[in-house]
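Read through the structure below, which is laid out as structure tokens, and then see the notes.
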Amino acid sequence: MDPKDEIKQKIEISELIGEYLQLKPAGSNSFKAVCPFHSEKTPSFQVSSEKQIWHCFGCGEGGDCLSFVMKMEGMDFPEALLHLGKKVGVEVKRFSSVEGNLKQRLLELNDLAAKFFRKVLLDSTKATNVRDYVLSREIPENISEKFRLGFALDDWNALTVFLLKKGYSETEIIQAGLGLKKKSGSGIVDRFRNRMMIPLFDHHGNVVGFTGRVLPGSDKDGPKYMNSPETPIYHKGSLLYGLNFAKRGVKDNKCVVVVEGNLDVIASHKIGVDNVVASSGTALTEDQIKLLSRYTNTIVFAFDQDVAGFNASKRGISIARSLDFDVRAAILPDLFNDPDDLIKNSPDIWKEITTNSVPIMEYLINSVVKGKDVTNIDDKRLIAKELLPAISDMNNVVEREHWLQKVSGLLGVETSILRTSITNTHKKINKEKKLNKKVAQINVVNKGTKQEQAAFLLIGSLVSKQELFTSVFDLILVDYLPSDNTKKLYNYCVNEYHQSSQTVQKSFFKRLRSTLESEKQEDLLSLLDKSSLLAEEAFQNLSQTKVLEQLNRLIVLLRASFLKDQKKKFAIKIRQAESAGDQSAVHELIKQLKELN
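Per the working numbering, the sequence shown runs over residues 409 to 1005.
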């Protein structure tokens, strides 16, 4: 069997899409969700388990499991095939694209490098000091193995020599971010040397890069933490460290905890707090937050008592709010600088504050007010400068009003006065958001005219229940259908029906879809999926007798529309013939019009 067909046979599409989106039942074997490909509040994204397809009635995107992964992950077809093949245990032997081949080679390189660093940490006599360091961090062996911690030898080219022997080129090693050209002469050297190595995983668990931590007491030059450079497989602004391990915990806890450092994530897993990811010392980007939206709508930021942490995270917090996240804070006690430090000394407190987080505004108010005199005008001005913009940023009017009243009482300023200040700002923000949304939705399609909707439902019913063809086939003329594409799709349906009149309904749909795929009829594929899902939703609770009644009504509607359109055309032709004085043409056209009636 072709790998593509075998993968599609083994994948349950609702389970696959459910890993990315929050699906809600929408009838028998169907689900709905908010579309991830355009901005919307009301779910118009539909998934059919029976047909193994998805379609958004808002933006028009749709397809099967492969097209979903391609669109969601930004993969090309060979990459999606390899990714899903790995997921369900189907071997995909080769790529058909240069870019796909390169990415696969770089993934293999980074995975091999992780194995090399891990082997060195476990077995090398030169790794004694780093093994001691791992023990000093109280990282048990099972956690060290889980996160694949390793060690880069204090050697110019230990890894490079190993990778070259495995058949990789110097160019590939550089492209993977693992090697550097020598400053003089030919050849390359290792990028990472004498550092504890922390592999960076994408959310699928692939090693895409590394963070190298210099060992305490080392006299090595360079930064304390060194990351892989940007490569075709590693983009810092899109990756969240630990998400591959946190996905299940995030869904179970209905929130994700964001910390700053990779070792904070590792320490959290050590005590069973597994819904934690790291931003790697930078503010969350829109790509990272959209990635998190696949799993939860609640983000908990871990902060110490100093407002500096909040200031560094402002941009990410603002983006999260704009995407309708519930943003909260886990506040570390005064004596601890980071979660790793807290977990070493008081693991139960870390569990408590991540479980019982507080609204981000509560944290901000307490942090901003700390050490200030609320009766002093200078301090009041500084407090207002920090708090009012944060309130203006809120979408929910109830939440905004709640915190406005809190700040009003705190500053001793009338709520109405503060409201005027933030309302103007909020209006400006909303105006910008609406403009951006309008631009983003220019290409959003509607569901079509009444005649198009009738054609979609009619075709969708016939492809879902092949036995209906016998009952309605003689009642339909292809000319009744309102567009070239609906006519083409109907003709494909008729041809498939005559070729396999005894096929069961599910195989009929699949065979028709396979025919359209093989003939690269992309527009008709989308129309087929859209039609079948519309019909599935419209007729799911009706008996076959009731369905036939509805189909007859649709045919009557389409026939009436067709006749009305034809009469208009005859009327124009008759007027033209009369104007030309061609009475024989007039009589012939009137005769044809009577026959049409």
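By construction, the Cβ of each residue, glycine as well, lies at the ideal position given by its N, Cα and C atoms.
If you're wondering where the values come from, they're calculated on a predicted model, not measured in any experiment.
Item                                                                                                                                    : Value
Sufficient close CB pairs (3 or more, under 8 angstroms) joining the stretch 636-648 to the stretch 679-698                             : yes
Per-residue DSSP class, three states only, for W564                                                                                     : coil
Rounded separation between L517 and Q861 - CA only                                                                                      : 52 angstroms
Length at least 3, wholly inside the stretch 589-648: the beta strand (DSSP E) runs in chain order                                      : 596-598, 603-609, 615-622, 633-635
C464 - containing alpha helix (DSSP H), residue span                                                                                    : C464 -> not in any alpha helix (DSSP H); beta strand (DSSP E) instead, spanning 461-464.
Any 3 or more C-beta pairs closer than 8 angstroms across the stretch 625-643 and the stretch 726-733                                   : no
The stretch 606-622 in contact with the stretch 561-570 per 3-pair CB rule at 8 angstroms                                               : no
Within 8 angstroms, strictly: CB atoms of K678 and P548                                                                                 : yes
CA nearest to the CA of Q791, picked from V777, T783, A584                                                                              : The question names Gln, but residue 791 in the sequence shown is Ile. Closest by alpha carbon: V777.
Inter-residue Cα distance where the pair is T619 and R513                                                                               : 20 angstroms
Alpha-carbon spacing of N764 relative to L950, whole angstroms                                                                          : 48 angstroms
Environment of F711 [buried if 16+ CB atoms lie within 10 Å]                                                                            : buried
S824, DSSP secondary structure in three states                                                                                          : helix
K752 to N565 span [Cα, whole Å]                                                                                                         : 36 angstroms
Backbone secondary structure at P411 - three-state DSSP                                                                                 : helix
The stretch 939-953 contacting the stretch 859-879, beta-carbon criterion three pairs below 8 angstroms                                 : yes
Buried/exposed call for T533, threshold 16 Cβ in 10 Å                                                                                   : exposed
Helix, strand or coil at T763 [DSSP, three-state]                                                                                       : helix
Other residues of its chain near N893: CB distance less than 7 angstroms, five sequence neighbours each side excluded                   : D931, L932, L935
Inter-residue spacing [alpha-carbon to alpha-carbon] between A848 and H446                                                              : Low confidence applies here, because A848 scores a pLDDT of 35, under 50, leaving its location unreliable and the question unanswered by this model.
Contact belief for N683 with G717 at Cβ below 8 angstroms, rounded distance in angstroms                                                : Wrong, their Cβ atoms sit about 20 angstroms apart, outside the cutoff.
Spatial distance of D801 from M769 (CA atoms)                                                                                           : 11 angstroms
R967 - containing beta strand (DSSP E), residue span                                                                                    : It is not in any beta strand (DSSP E) - R967 instead sits in the alpha helix (DSSP H) that spans 952-987.
Contacts around N844, its chain only, beta-carbon distance under 8 angstroms, and the 5 residues preceding and following it disregarded : At N844 the pLDDT is 44, less than 50, meaning the model places this residue with poor confidence and gives no usable figure here.
Limits of the beta strand (DSSP E) - the one that S438 falls within                                                                     : 438-441
I799 - DSSP class collapsed to helix/strand/coil                                                                                        : helix
Closest by C-alpha distance to V1006, when choosing among Q859, T828, L941, T450                                                        : This structure leaves residue 1006 out entirely; the chain is present only between 409 and 1005.
Separation of H463 from R961, as counted between CA atoms                                                                               : 26 angstroms
Three-state secondary structure (DSSP) of R702                                                                                          : coil
L819 versus I773, K858, V667, residue with shortest Cα-Cα distance                                                                      : I773
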